[in-house]
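Line order of the protein sequences matches chains A and C.
Note that UniProt numbering has the first sequence beginning at 1, numbered continuously upward.
Note that UniProt numbering has the second sequence beginning at 1, numbered continuously upward.
Cβ atoms here follow ideal geometry from the backbone N, Cα and C, with glycine treated the same way.
Please read these numbers as outputs of a predicted model, since none were measured by experiment.
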Amino acid sequence: MDKLLISHTGYEVKEATIVRTSRLTSQDKLFEIALPEGEILDFEPGQFVEVSLRGVGEAPISICSSPTHRNSFELCVRAVGRLTRALHRLEAGDNIGIRGPFGVGFPITKLIGHDLLMVAGGIGIAPLRSLINYVMDNRRDFGKVQVLFGCKNPQNMLFKDEITTWQQRLDVNFSCTVDEADPEWMGNVGVITTLIPNVDIDPENTFAVIVGPPVMYRFVIAELLKKGVPEEHIVLSLERHMKCGLGKCGHCQIHDIYCCQDGPVFFYSRIKNLKGAI
Amino acid sequence: MRYLVLQKEHFGAFIEHLNLISKVVAPVRKDQKTNQFSFEEVSQAEEIALNYIPTILPPKKYFMPQYETLAEYDASRGQNMQPVVEVEKLILFGVHTCDLAGIQCLNVVFNDRPKDINYLIRKGYITLIGLECNNYCDSFASCGLMGTFLPQGGYDLFFTDLNDYFMVHIATQKGEELIKNFQFFTDPAPKHFKDLQHLREKKQDTFEPEVPIDRNLIPKMFAEGFEAKVWEEIGNRCLSCANCTNVCPTCYCFDVMDVPNLDLKTGKRIRVWDSCQNEPFAKIASGESFRALRSDRKRHRFNRKFSYPVKRYNKFFCTGCGRCSRTCMAKIDLKETITQLAQETGYLHTKEGKVWTSS
Chain A
1 MDKLLISHTG
11 YEVKEATIVR
21 TSRLTSQDKL
31 FEIALPEGEI
41 LDFEPGQFVE
51 VSLRGVGEAP
61 ISICSSPTHR
71 NSFELCVRAV
81 GRLTRALHRL
91 EAGDNIGIRG
101 PFGVGFPITK
111 LIGHDLLMVA
121 GGIGIAPLRS
131 LINYVMDNRR
141 DFGKVQVLFG
151 CKNPQNMLFK
161 DEITTWQQRL
171 DVNFSCTVDE
181 ADPEWMGNVG
191 VITTLIPNVD
201 IDPENTFAVI
211 VGPPVMYRFV
221 IAELLKKGVP
231 EEHIVLSLER
241 HMKCGLGKCG
251 HCQIHDIYCC
261 QDGPVFFYSR
271 IKNLKGAI
Chain C
1 MRYLVLQKEH
11 FGAFIEHLNL
21 ISKVVAPVRK
31 DQKTNQFSFE
41 EVSQAEEIAL
51 NYIPTILPPK
61 KYFMPQYETL
71 AEYDASRGQN
81 MQPVVEVEKL
91 ILFGVHTCDL
101 AGIQCLNVVF
111 NDRPKDINYL
121 IRKGYITLIG
131 LECNNYCDSF
141 ASCGLMGTFL
151 PQGGYDLFFT
161 DLNDYFMVHI
171 ATQKGEELIK
181 NFQFFTDPAP
191 KHFKDLQHLR
201 EKKQDTFEPE
211 VPIDRNLIPK
221 MFAEGFEAKV
231 WEEIGNRCLS
241 CANCTNVCPT
251 CYCFDVMDVP
261 NLDLKTGKRI
271 RVWDSCQNEP
281 FAKIASGESF
291 RALRSDRKRH
301 RFNRKFSYPV
311 KRYNKFFCTG
321 CGRCSRTCMA
331 KIDLKETITQ
341 LAQETGYLHT
351 KEGKVWTSS
């Protein structure tokens, strides 16, 4: 067996540096990452990268910063597996490997000029934050912007400081809910679907963008359809294990589509008939 | 593109000639007592089983090895990894038409963008010599239903055994190169073409569709049969051993993992065959599995042969080789499964062409 050294196979890993880390919750950590000097990760909100540590492996992680910030990008990592736990032990100055970006992001060109209703559940706020901050940085391109965010409890809430900033902006309506409140919680209590009936939207002119745990989609979509949002105006990002990122390994396959290449962002109308997709 | 004739008495010399060019692998009987075969390295014609039923593993193992290095790392290079493609010059002799169809499926997948460079480069090092099956191999095969019992390309040379001689079809430049310096090939006479035509006509009668359904309606049948009881029934029997995917010539799912060397500073990133029949295959970080039930996984596998790839690549990914049925420890039979699905969905036809009904 001979070994050929090829520069580009799709599996080459580029070294990147952790610029800054901050702990968001007991199990979530935010990493700011920079590629070697002069290199910029050219990505769209909603895309992901394969994060790699030699000897440990790879895992797909959504990019949670906006591409409007060019010099670095951010990843919100929940410590749930071998790779993510190893990542949590790293600090600023350490190096990681990056492949990507991969996948189809949020359809920004279609969203421009419309009202937006963004719905995030739990860690789904991470990929959606990329879009939220993109919209904030290009606010004039969009109509009315509303964000609904639900999580289990106030302790698990990601990006608390940023959420306070969003809540203070006059050009964004931000609503938050928790499943279980603590004594200090002053906001809404209940699952995220409880926020939707009171949202004031012009359904024909609104695009709804949803990111959350798989169980959330069915209920949120039902509420949105009740509000009159057309199926082709509902956009969602599906969570699957995107092992290779290249549409080959099969782990992220739903019927005839590969989430890592054809998604993870889909229009509801595209996947509504794929049983098991949501 | 032309035909030549090779008398059987020169076949041994031909294999020796191939051995001068590169390593040669061909079907070999595993044991005199059993009817099991495998593709193995050969140096002489006597080692080759010209009459063989599908090998335990398909020739997929040469195109997409079970373990394959994708990249190598060295701590001195930081997190950067050097991509690697492992290749070996190889002549694959004696590939049946069902397995050629399997390789064609892999070609389609790995040529789909983004192209799989590892597969495509390795494939360039392999020369394929097909071998016609003149008769039915055994009762597990369904090449009649899938229409894979006649050659449909995908080879460099193709051998048809016509008693005392082989009719050889040269399909590519690579095939021409292979025979260039071998003196025993002769031009065919009209009789040789007649013999070939006679064999093919006979085969058309022998290889009938094993399940009486309309092949064009199979994807529709699978779509309508998504909730059919057959999935639960075979799911209850399935042991999730993943034998069916390992032996399938068109299954290509894999896992990616790191293998450190003992120094813990160097190592490699490899891909390893994986299977949609394994429970963790469709599990995500939160712990949710999208195909937690064996019935879900069996349905997914069958759909990945008969429905999803038809939408994506306009091709069936079942070659009718019968390996999945032959190897299944729970005796889940592909033909029985298809028959049951066709019964449930009303797509089964009687010999007279009428739709079967359960009443």
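Residue i vs residue j beta-carbon contact at 8 Å
i, j, result
"C:V256", "A:E223", "no"
"C:S38", "C:N19", "no"
"A:Y217", "A:L195", "no"
"C:N134", "C:L120", "no"
"C:I91", "C:V24", "yes"
"C:R320", "C:L145", "Sequence check: residue 320 of chain C is Gly here, not Arg. Against a cut-off of 8 Å, the Cβ pair of C:L145 and C:G320 comes out as a contact."
"A:F102", "A:V49", "yes"
Where residue i falls: helix, strand or coil (DSSP)
i, result
"C:P280", "helix"
"A:H114", "coil"
"A:G97", "strand"
"C:E41", "strand"
"C:A49", "coil"
"C:D255", "strand"
"C:Y3", "strand"
"A:G276", "coil"
"C:D161", "strand"
"C:P260", "strand"
"C:S289", "strand"
"A:S52", "strand"
"A:A34", "strand"
"A:C176", "strand"
"A:C76", "strand"
"A:A181", "coil"
"A:E44", "coil"
"A:S62", "strand"
"C:L199", "helix"
"C:T69", "strand"
"C:T34", "coil"
"C:E86", "strand"
"A:C151", "strand"
"A:Q27", "coil"
"C:M81", "strand"
"residue 342 of chain A", "Here chain A comprises residues numbered 1 to 278, so residue 342 of chain A is not present and cannot be evaluated."
is_contact[residue i, chain C] using C-beta, thresh 8 Å
i, result
"A:N138", "no"
"A:T194", "no"
"A:G4", "A small correction: the amino acid at residue 4 of chain A is Leu; Gly does not occupy that position in the sequence shown. Chain C, which has a Cβ nearer than 8 Å to the Cβ of A:L4, makes this yes."
"A:E15", "yes"
"A:T177", "no"
"A:M118", "no"
"A:L170", "no"
"A:Y134", "no"
"A:K160", "no"
"A:P183", "no"
"A:G81", "yes"
Contact with chain A by residue i, beta-carbon distance below 8 Å
i, result
"C:I338", "no"
"C:F281", "yes"
"C:F302", "no"
"C:F226", "yes"
"C:T126", "A small correction: the amino acid at residue 126 of chain C is Ile; Thr does not occupy that position in the sequence shown. No, its Cβ sits nowhere closer than 8 Å to a Cβ of chain A."
"C:I121", "yes"
"C:D214", "no"
"C:D195", "no"
"C:D258", "yes"
Expected contact under 8 Å - CB spacing of residue i and residue j to nearest Å
i, j, result
"C:I129", "C:L157", "5 Å"
"A:L53", "A:G97", "7 Å"
"C:L131", "C:V84", "Not really, about 33 Å apart at Cβ, beyond 8 Å."
"C:A45", "C:F11", "5 Å"
"A:A34", "A:S72", "4 Å"
"C:G102", "C:T339", "Contact doesn't hold; Cβ gap of about 23 Å is too wide."
"A:V13", "C:N80", "6 Å"
Going along the region 18-44 of chain C in order, which residues come within less than 8 Å of chain A, judged by CB to CB distance?
-> The region 18-44 of chain C vs chain A, Cβ under 8 Å: nothing.
Residues, ordered as in the chain, of the region 260-279 of chain C that lie near chain A by beta-carbon distance below 8 Å = Across the region 260-279 of chain C, CB contacts with chain A closer than 8 Å involve P260, L264, G267, R269, R271, D274 and C276, in sequence order along the chain.
Name the residues in the region 67-88 of chain C whose C-beta lies less than 9 Å from a C-beta of chain A; which are they?
-> Residues passing the 9 Å Cβ filter: T69, L70, A71, E72, Y73, D74, A75, R77, G78, Q79, N80, M81, Q82, P83, V84, V85, E86, V87 and E88.
Using a Cβ-Cβ cut-off of less than 8 Å, give me the residues of the region 232-253 of chain A that come near chain C, in sequence order.
-> Hits within the stretch, in order: E239, R240, H241, K243, C244, L246, G247, K248, C249, G250, H251 and Q253.
Using a Cβ-Cβ cut-off of less than 9 Å, give me the residues of the region 88-117 of chain C that come near chain A, in sequence order.
-> Hits within the stretch, in order: E88, K89, V109, F110, D112, R113, P114, K115, D116 and I117.
Could you run through the region 233-256 of chain C and flag, in chain order, every residue whose CB is less than 8 Å away from some CB of chain A?
-> Against chain A - using a Cβ distance shorter than 8 Å - the residues of the region 233-256 of chain C are Y252, C253, F254, D255 and V256.
Taking only beta carbons into account, state which residues of the region 285-299 of chain C come closer than 9 Å to chain A, listed in chain order.
-> Listed by position along the chain: A285, S286, G287, E288, F290, R291 and D296.
According to a CB-to-CB cut-off of less than 7 Å, which residues of the UniProt domain "4Fe-4S ferredoxin-type" (307-337) of chain C neighbour chain A?
-> Interface annotation for the UniProt domain "4Fe-4S ferredoxin-type" (307-337) of chain C against chain A: Y308, K311 and R312, criterion Cβ-Cβ distance under 7 Å.
For the region 136-160 of chain C, enumerate the residues whose C-beta is nearer than 8 Å to any C-beta of chain A, in chain order.
-> Within the region 136-160 of chain C, no residue qualifies.
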